[in-house]
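Read the structure below first, then the notes.
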Amino acid sequence: MASQNLQSVPAELSPEEQEREAAGQAYFDRIISEDSRIEPRDWMPAAYRKTLLRQISQHAHSEIIGMQPEANWITRAPSLKRKSILMAKVQDEAGHGLYLYSAAETLGQSRDQMMEDLIAGKARYSSIFNYPTISWADMGAIGWLVDGAAICNQVPLCRASYGPYGRAMVRICKEESFHQRQGFEILLELSNGTPEQKQMAQDAVNRWYAPSLMMFGPPDDDSPNSKQSMAWNIKRFSNDELRSRFVGMMVEQVRVLGLTLPDKDIRFNEETKKWEHGPLDWNEFKEVLAGRGPCNSQRVERRREAHENGAWVREAAVAYARKQAQKENAA
Amino acid sequence: MTSKDVNTTDTDFAIEGHGDISVGVHGAGASGDGSASATRITPGNALRPEDIALEIQRGQVRPSEDVAEFALRIGDDGLILAQRLGHWISRAPELEEDIALGNIALDQLGHARSFLTYAGAAWDKSEDDLAYFRREHEFRSAHLFEQPNGDFAVTIARQFIVSFYQYELYTKLIESTDATIAAISAKAVKEVDYHRDHSAQWVLRLAGGTDESRARIIQGFKLVWPYVDELFEDDELTTRLAEAGVTVQPSSLRAEFDRLTGEIMAEAELEIPGVPQALGGGRRGKHSEFLGYILAEMQVLAREHPGASW
Numbered sequence: 000m001a002s003q004n005l006q007s008v009p010a011e012l013s014p015e016e017q018e019r020e021a022a023g024q025a026y027f028d029r030i031i032s033e034d035s036r037i038e039p040r041d042w043m044p045a046a047y048r049k050t051l052l053r054q055i056s057q058h059a060h061s062e063i064i065g066m067q068p069e070a071n072w073i074t075r076a077p078s079l080k081r082k083s084i085l086m087a088k089v090q091d092e093a094g095h096g097l098y099l100y101s102a103a104e105t106l107g108q109s110r111d112q113m114m115e116d117l118i119a120g121k122a123r124y125s126s127i128f129n130y131p132t133i134s135w136a137d138m139g140a141i142g143w144l145v146d147g148a149a150i151c152n153q154v155p156l157c158r159a160s161y162g163p164y165g166r167a168m169v170r171i172c173k174e175e176s177f178h179q180r181q182g183f184e185i186l187l188e189l190s191n192g193t194p195e196q197k198q199m200a201q202d203a204v205n206r207w208y209a210p211s212l213m214m215f216g217p218p219d220d221d222s223p224n225s226k227q228s229m230a231w232n233i234k235r236f237s238n239d240e241l242r243s244r245f246v247g248m249m250v251e252q253v254r255v256l257g258l259t260l261p262d263k264d265i266r267f268n269e270e271t272k273k274w275e276h277g278p279l280d281w282n283e284f285k286e287v288l289a290g291r292g293p294c295n296s297q298r299v300e301r302r303r304e305a306h307e308n309g310a311w312v313r314e315a316a317v318a319y320a321r322k323q324a325q326k327e328n329a330a
Numbered sequence: 000m001t002s003k004d005v006n007t008t009d010t011d012f013a014i015e016g017h018g019d020i021s022v023g024v025h026g027a028g029a030s031g032d033g034s035a036s037a038t039r040i041t042p043g044n045a046l047r048p049e050d051i052a053l054e055i056q057r058g059q060v061r062p063s064e065d066v067a068e069f070a071l072r073i074g075d076d077g078l079i080l081a082q083r084l085g086h087w088i089s090r091a092p093e094l095e096e097d098i099a100l101g102n103i104a105l106d107q108l109g110h111a112r113s114f115l116t117y118a119g120a121a122w123d124k125s126e127d128d129l130a131y132f133r134r135e136h137e138f139r140s141a142h143l144f145e146q147p148n149g150d151f152a153v154t155i156a157r158q159f160i161v162s163f164y165q166y167e168l169y170t171k172l173i174e175s176t177d178a179t180i181a182a183i184s185a186k187a188v189k190e191v192d193y194h195r196d197h198s199a200q201w202v203l204r205l206a207g208g209t210d211e212s213r214a215r216i217i218q219g220f221k222l223v224w225p226y227v228d229e230l231f232e233d234d235e236l237t238t239r240l241a242e243a244g245v246t247v248q249p250s251s252l253r254a255e256f257d258r259l260t261g262e263i264m265a266e267a268e269l270e271i272p273g274v275p276q277a278l279g280g281g282r283r284g285k286h287s288e289f290l291g292y293i294l295a296e297m298q299v300l301a302r303e304h305p306g307a308s309w
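As you go down the protein sequences, you meet chains A and B in turn.
Each residue of the first sequence is one higher than the last, beginning at 0 in numbering that gives the first Met the number 0.
Each residue of the second sequence is one higher than the last, beginning at 0 in numbering that gives the first Met the number 0.
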C-alpha cells in the first residue's frame, strides 16, 4: 500500500533499493523541471504524496461539506427555474467531490478512510462553509464570490504536476465557471428588483466578501507550505497574488451588479500593478478553522448522520454484489 | 413545433457561453465530456419550459380547460416529488446516490415545469404563479407523491411505484392528440426509463442484501403501497380526455404496471403488500396532512415578496 509511505521510511535500504530510490528521484526531478506530469504509478517523494493527499482530500471534503449551505435553500428557492439550477449546482458539487476522492485514491488512501477522517473531525475543509446561509441572496453571493475565488485558485491547478488532480480540475473548473455565472445572475436580478431584494443582495455581499478573500489562505509570509508546493509545480501562484487578482475581478463585476464591496481600502497600486484590499480579520479565520465558526459542528454532524444512516444501505449493496458474484461463479 | 429552432440556438449558447465571466477556462483541456454537467442542456432533445412559454407567448399553443387540468395533475405530481427528493441532496447513503436522487429530482422538476407552464396558459398564469401562489386544495397531485421520504428504503419503494407508473403514462402520452403534451412526454419518458432502472436495481439490492435491508424494503413497500390505486383511477376528466385522444384512461395502464413491477418483485422475492388502499382524492384537491408543510416550506420566500422577479 502506497499509504505506508506516509507513516514511515525504512531506516535502512538495501543497495538495490537505494539505487531504485535514486533513479526514482532523478526521474521525478526531471519531470518537474520539464513541467510535465507525475502519474499514479510513478515514483514520487513521500512528502510530495503526503502534500497532495492532504490538499486533494481537503478539496474533496470542501465540495461535500460545501453542498450543505446551498442545499439549505433548495426546498425554498423562490422560483422553479432557480430551484432547478440550484439543485443541479449542488449535484455538481457532489460530482466534484467524487472526482477528487478518486484522484486522492490514486495516491493510496481509500474514500472510506477519508470519509472517516472527515466525520471524526480530523480532516479539514474550506473554512468558509462554516458560515450560515441565512437568505436567498446568499445563493448569489456564494456563487459569485465563493465559487469565483475557488475558480481563481483552481484554474492554475489544472496545470498541477500530479496528473489525476490536474485532469479532475479541468472538468471541475468548467462547471465552477457556470456556478459563478449563476451566482452573478442571482445577484443581478436581486439588485434590479425591489428595494428589499437589493438590500438582501447587498447584505449577502457584505457578509461573504471577507471570508471569500480569506479562501486563498494566509498571507504569503504566514504560509509555510506554499513555497514547497510551488517548487513541486502543484501551486503556481502565491496566496496574495491570487487574492489580488480576485479583488481586481470583483471590483469590475460589482459595478455591473450595482452593488458595492464592503472595503473602502480597495485600490490599484500603480507601482506594483496589483490590486490591494483592506485588512482582513485573520484571527477570525483561525478561530473558524479551529472549529469555532457558527456552523462547524452542524456541518460535520450532518455528514456523520448521513454517513451513519446510510451504513445499512452500503452494507446491503456489498452483500448483494457478493451474492450475485457467488451465483455467477456457481453457474 | 418551433421549439427545435429555439433549442439549437440555446444549445450553442450553453456550450459557447460556459466560460463567460470567469477567468478563461473556456475550452480548457480536451478531456471534458461534452455532456458531463447536469447543468448543461443536452443537445438535440431539450424541450425546455422556456420554449413552451415562448410558444404560449406567440399564441402558438393554448390548452383547453380540460387539458390544462390534466397537465396540472401530472405537473403537480412531479413538483411535489421533486420537493421531497430534493431533501436527500447532501443526506444520501453514498455520494453516488446524492447525485442519482438529485438527478431524479431534477428530471421530475423539469417535467413539472413544462406541464405547469403549459397548464398555466389556460388561465394566464406562469409556472411560478401555479407553484407558489396556489393553496393546498388547489393542488392536484396524488397522495403517493407527498408521502414522506422515510428512510432510503421508503424513498426507493415510492420511486419504484412512481417510475413504473410514469413510464406507462408517458409512453401512452407520446401518442397524445395534444402536441405539447406529446412533446413533453417524449422527453420525460427517456428520463423516467432511467428512474425505473435505478429504483428496480435498488429494490433488488435491498431485498437481496442483508436481513436489515430486506426488512426495511418490506416495511417501505407496506408504507407506500396504499397509494397505488389512486394513480389508476378514472374520472370524468380522464374519460373526456381519453375520448379526445389526449390521454388514456389511467385504469388502462394498470395491467402493464402490475406485470412489470410484478416481475421485479418476484425476482426480489417480495410479496405485493396486502394493505388496504387509501381513499386518495388528490386529483380533487383532497390531500393528506403532509402537503401543507411541503407547501409552507416551498412557498415561504416567494410569498414574502409577491410580484418580485428572481
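Even glycine gets a Cβ: it sits at the ideal position worked out from N, Cα and C.
This structure is a prediction, so every number in the text was calculated from the model and none was measured.
Item, Value
"Would you mind sorting B/Ser36 into buried or exposed? The rule is 16 or more other CB atoms within 10 Å of its CB.", "For B/Ser36, the predicted structure reports a pLDDT of 41, less than 50, and the residue's modelled location is therefore unreliable. A value from the coordinates is still provided. With 16 or more Cβ atoms within 10 Å of its Cβ, B/Ser36 is classed as buried."
"Checking the sheet assignment: what are the DSSP bridge partners for A/Tyr161?", "A/Ile37"
"Mind checking if A/Tyr98 is an interface residue toward chain B, Cβ cutoff 7 Å exclusive?", "no"
"Can you grab the Cα-Cα spacing for the pair A/Lys226 / A/Pro218, in whole Å?", "12 Å"
"From this set, A/Asp221, A/Leu117, A/Gly65, A/Ser83, which residue's C-alpha is nearest A/Val145's C-alpha?", "A/Gly65"
"Under 7 Å between C-beta atoms, does B/Leu105 make it to chain A?", "yes"
"In chain B, which residues lie less than 7 Å from A/Glu188 when you measure between Cβ atoms?", "Ser308, Trp309"
"If I'm right that A/Ala233 touches A/Ala159 with Cβ under 8 Å, what's the distance once you round it to whole angstroms?", "Contrary to the premise, residue 233 of chain A reads as Ile rather than Ala in this sequence. Correct: roughly 5 Å between the Cβ atoms."
"Can you tell which of B/Asp75, B/Gln200, B/Glu174 has the C-alpha that lies nearest to the C-alpha of B/Val188?", "B/Glu174"
"Which of the three DSSP states is assigned to B/Trp224 in this structure?", "helix"
"Give me the chain B residues within the contact set of A/Val89, using Cβ-Cβ distance strictly less than 8 Å, ordered along the chain.", "Ile88, Ser89, Gly101"
"Between B/Asp97 and chain A, is any beta-carbon pair separated by less than 7 Å?", "yes"
"To the nearest angstrom, how far is the alpha carbon of B/Arg195 from that of B/Arg258?", "14 Å"
"State the CB to CB distance for the pair A/Ala140 and A/Gly107, rounded to an integer number of angstroms; the pair is presumed to be in contact (CB under 8 Å).", "Not quite, the Cβ-Cβ distance comes to about 38 Å (not below 8 Å), so this is no contact."
"Going straight from the alpha carbon of B/Ser30 to that of A/Asn152, what length do you get?", "With a pLDDT of only 37 at B/Ser30, under 50, the local geometry of the prediction cannot be trusted, and the value read off the model is given with reservation. About 20 Å."
"DSSP three-state label for A/Asn282, please.", "helix"
"Since B/Ala301 meets chain A, which of its residues come closer than 8 Å, beta carbon to beta carbon?", "Pro77, Ser78"
"Taking Cβ positions, are A/Ala76 and A/Asp137 nearer each other than 7 Å?", "no"
"Would A/Met86 and B/Gly77 qualify as a contact pair, given that the criterion is a beta-carbon distance under 7 Å?", "no"
"Any Cβ of chain A within less than 7 Å of the Cβ of B/Arg204?", "yes"
"Determine whether the Cβ of B/Arg112 lies closer than 7 Å to any Cβ atom of chain A.", "yes"
"For A/Ser353, count neighbouring C-beta atoms within 10 Å of its own C-beta (all shown protein chains included) and say buried if the count is 16 or more, exposed if not.", "A question about residue 353 of chain A goes unanswered here, because the residues of chain A that appear run from 0 up to 330."
"By alpha-carbon positions, which one of A/Met113, A/Trp231, A/Tyr208, A/Arg206 ends up nearest to A/Arg29?", "A/Trp231"
"For a contact defined as C-beta to C-beta under 8 Å, what are the partners of A/Arg81 on chain B?", "Trp309"
"In its own chain, which residues sit with a C-beta less than 8 Å from the C-beta of B/His142, not counting the 5 before and 5 after it?", "Tyr226, Glu229, Ala277, Gly279, Gly280, Gly281, His286, Ser287"
"Any chance the segment 236-256 of chain B sits against the segment 198-211 of chain B, with 3 or more Cβ pairs inside 8 Å?", "no"
"Report yes or no: is there a C-beta of chain B within less than 7 Å of the C-beta of A/Tyr319?", "yes"
"Is B/Asn148 helix, strand or coil by DSSP?", "coil"
"A/Glu195 touches chain E at which residues, Cβ-Cβ below 9 Å?", "In the structure shown, chain E cannot be found, because the protein chains are A and B."
"Starting from A/Trp274, trace the beta strand (DSSP E) both ways and give me its first and last residue.", "273-275"
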